[in-house]
């Protein structure tokens with residue numbers, strides 16, 4: 067081909083284009099030219115748009131939507147108001163571009179309208195306002211980029227505001243959808259990035275507020291949806307952290323819901339009080355921290371979930387005019403409540419997690435009238451209640467975990483008290499203000515138990531609650547001790563130690579509660595036990611009864627006392643006073659000193675000692691007031707000097723294997739007719755005094771005879787040439 071000749075056009079059907087090389091076919095070139103033209107046309111239709119006071123340029127309204135024709139495009143405030151006077155208006159970048167509304171566009175029409183801002187890029191609103199006499203202006207922002215409301219902010223006069231895009235930032239004069247009359251407009255921020263609200267904040271005048279994105283930060287003036295009679299709901303749905311500070315959130319009765327990872331609340335808090343009170347729900351997966359202004363619901367409920375919870379500052383208050391809202395915390399980690407604590411005004415309080423720590427003002431579920439709310443701590447770790455403690459006003463208290471330290475738990479109410487139940491796998495310690503149930507029961511389980519200072523009190527206006535301690539280890543009760551007001555007291559464990567104020571199960575009227583110490587180790591009572599007629603039983607390896615003693619005497623009858631030990635039993639100090647109840651003791655050695663054992667009362671209480679070792683009866687001795695005294699001893703019996711064994715007319719039977727020494731008066735006075743029987747080498751250094759009851763001393767077999775065989779024993783003693791004589795009655 068020579069220069070200047072036309073290039074022949076080849077058919078693509080009969081000649082394949084080369085895979086590589088510089089040469090191009092005419093068709094290829096045509097395609098590229100057309101494609102380039104189309105792309106250039108597409109770029110030519112995408113413009114940045116500004117709304118300002120300047121004259122409109124490079125665009126026009128098409129079907130109510132400002133469409134740019136060249137860049138830059140400007141829409142004047144005047145032309146926008148003209149369009150809005152005729153109907154709703156829209157502004158678009160018609161492709162990739164930014165849309166800017168300069169401060170301040172003022173809507174002037176009296177009719178309610180909607181302004182829609184659409185941009186394939188960022189949107190910046192420097193100011194939208196409402197002129198005198200103007201109607202409501204709803205604003206809709208649809209962006210593929212960031213949305214920023216700055217400078218004069220947005221005021222809709224009651225119209226709604228919605229925005230979508232990546233991030234959303236509100237600064238300076240804020241966003242206000244309040245209406246002159248009636249409920250204000252809703253605010254909806256559906257973004258995929260961070261939402262930041264600062265300075266002027268958001269006020270809706272009753273409209274709802276909804277926001278979503280990655281993270282949320284509400285600062286300075288915060289969010290207010292307050293209106294009469296009830297404000298708008300607030301809902302935050304984020305994939306990341308939510309932080310509320312500054313002005314916080316105020317709903318005037320609307321609910322507040324938040325979801326995300328971490329939740330942090332500082333300064334003015336979240337307040338949903340108003341009307342019946344709005345519910346607050348924090349559905350988070352991370353740490354929840356509430357400080358300063360705290361949460362106030364005015365009767366609404368409060369629920370929160372996450373990994374850990376820290377409630378400080380003003381705490382949580384769900385008290386309302388007609389009742390209190392429930393509080394429910396469900397966490398996978400530790401829960402810490404300090405400072406103002408939690409007040410429910412009658413609502414219940416439930417918490418779940420690992421460790422639970424309560425300090426300073428505590429948890430209070432008391433109601434203005436009637437019974438307060440229940441408190442349940444369902445934890446797996448350490449539960450520590452200090453300072454302000456827990457008051458329920460009649461509601462129950464339950465707690466579980468590994469170990470417990472309770473400074474003050476008060477469930478007493480206006481008519482009756484709430485039950486207290488502690489279920490722990492480790493140690494339980496009651497200190498400080500102790501546990502006061504006002505009639506409710508108290509049960510506790512764990513390894514060891516220590517009760518200090520104010521102790522446990524279950525006495526109430528209509529009766530006393532039972533106390534039951536079930537532990538695998540030692541139980542120690544000191545200082546304030548236990549007072550049941552008629553309820554029973556039961557303790558299970560290894561060692562049992564009672565000091566200071568003791569255990570009191572007396573009732574205001576009638577018979578008091580029973581006391582049962584079912585232990586496998588050492589039982590040491592160095593205080594007083596009073597039952598007001600209730601029985602007293604104790605078991606273990608050794609038993610030592612010191613201090614002011616064990617008193618089971620009651621208003622009409624005395625309670626029985628039964629001691630069952632595998633080792634030594636020692637009674638000293640105040641001794642045992644049953645007021646007519648029986649006394650039974652079993653073990654190896656037995657020693658009684660000082661006040662002794664006295665079963666004298668309106669009924670006849672027997673005394674029975676079944677021991678395999680030595681029995682020593684010293685000061686105070688044994689006295690029945692007419693009951694039988696039976697001593698079965700596997701070794702020697704020593705009735706020491708300066709003591710008394712007095713049956714007041716009942717039989718006295720002493721049997722020992724090796725020796726019986728009588729160095730003090732043994733008397734069955736009053737009355738006459740008693741028989742003295744002595745078998746074996748008994749050292750009677752002080753002659754017994756016979757009254758109506760028989761007195762028998764036998765050294766021989768340690769087998770415990772049935773009471774019905776006493777006559778046979780006496781006959782055997784006579785046949786065996788025992789020394790038998792009748793002493794004159796004194």
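Numbering (the working numbering), first residue to last: 67 to 796.
Ideal Cβ placement from N, Cα and C applies to all residues, glycine included.
Quantities reported herein were computed from a predicted structural model and do not represent experimental measurements.
Counting the other Cβ atoms within 10 Å of the Cβ of residue 744 gives 16 or more, which makes it buried. Assignment of residue 717 by DSSP, reduced to helix, strand and coil, places it in the coil class.
If you look at residue 143, you'll find it isn't in any beta strand (DSSP E); it sits in the alpha helix (DSSP H) that goes 143–152.
Its Cα nearest to that of residue 339, the residue 410 stands out among 186, 116, 410, 185.
Around the beta carbon of residue 734, 16 or more other beta carbons sit within 10 angstroms, so the residue counts as buried. Between residue 541 and residue 559 a beta carbon distance of about 5 Å is seen, short of the 8 Å cut, so the two are scored as contacting. Membership of residue 231 in the beta strand (DSSP E) is indicated by the continuous run 227–231.
Note that the segment 146–164 touches the segment 173–188; at least 3 beta-carbon pairs, one per stretch, sit closer than 8 Å. Looking at 352, 351, 375, the one whose alpha-carbon comes closest to that of residue 360 is 375. For residue 676, the closest C-alpha among the options 534, 223, 346, 628 is that of 628. When the alpha-carbon of residue 354 is set against those of 373, 342, 200, 341, the nearest one is in 373. Judged by DSSP secondary structure, residue 165 falls within the beta strand (DSSP E) whose first and last residues are 165–167. When only Cα atoms are considered, residue 221 and residue 282 end up about 22 Å apart. Taking a C-beta distance under 9 Å as the contact criterion, residue 486 and residue 506 qualify as a contact pair.
It is roughly 32 Å from the alpha-carbon of residue 654 to the alpha-carbon of residue 518.
Nearest to residue 264 by C-alpha distance, out of 280, 217, 256, is 217.
For residue 173, the enclosing beta strand (DSSP E) covers residues 171–173. Cβ neighbours of residue 234 within its own chain (closer than 6 Å, five residues either side excluded): 213, 255, 257, 261. For a cut-off of 8 Å, the C-beta gap from residue 730 to residue 752 is around 6 Å, short enough to register as a contact.
DSSP, read as helix, strand or coil, puts residue 156 in strand.
Going by C-alpha positions, residue 328 is about 59 Å away from residue 618. Residue 324: member of the beta strand (DSSP E) spanning 322–326, first to last residue. Comparing alpha-carbon positions, the option among 651, 633, 569 lying closest to residue 616 turns out to be 569. Where residue 114 is concerned, there is no enclosing beta strand (DSSP E), because DSSP gives it neither an H nor an E. Counting only runs of at least 3 residues, the segment 525–571 fully encloses the following beta strand (DSSP E) elements, listed from N- to C-terminal order: 533–537, 541–543, 555–559, 562–565.
Note on residue 271: 16 or more other CB atoms within 10 angstroms of its CB, so buried under the neighbour-count rule. Relative to residue 358, the option among 416, 313, 346 whose CA is nearest is 313. With contacts defined as CB atoms closer than 9 Å, residue 565 and residue 549 fail to qualify as a contacting pair. Where residue 372 is concerned, the enclosing beta strand (DSSP E) starts and stops at 368–372.
Annotation for residue 134: the continuous beta strand (DSSP E) segment containing it runs 131–134.
Along the segment 432–471, the alpha helix (DSSP H) does not occur as any fully enclosed run of 4 or more residues. Contact between residue 473 and residue 509 is absent: CB atoms are separated by about 19 Å, not below the 8 Å threshold. In this structure residue 481 is exposed. Its beta-carbon is surrounded by fewer than 16 other beta-carbon atoms within 10 angstroms. A direct Cα-to-Cα measurement between residue 592 and residue 567 gives close to 9 Å. Every beta strand (DSSP E) of 3 residues or more that sits fully in the segment 269–297 is shown, in chain order, as 275–279, 282–284.
Counting of Cβ neighbours within 10 angstroms places residue 693 among the buried residues, the total reaching 16 or more.
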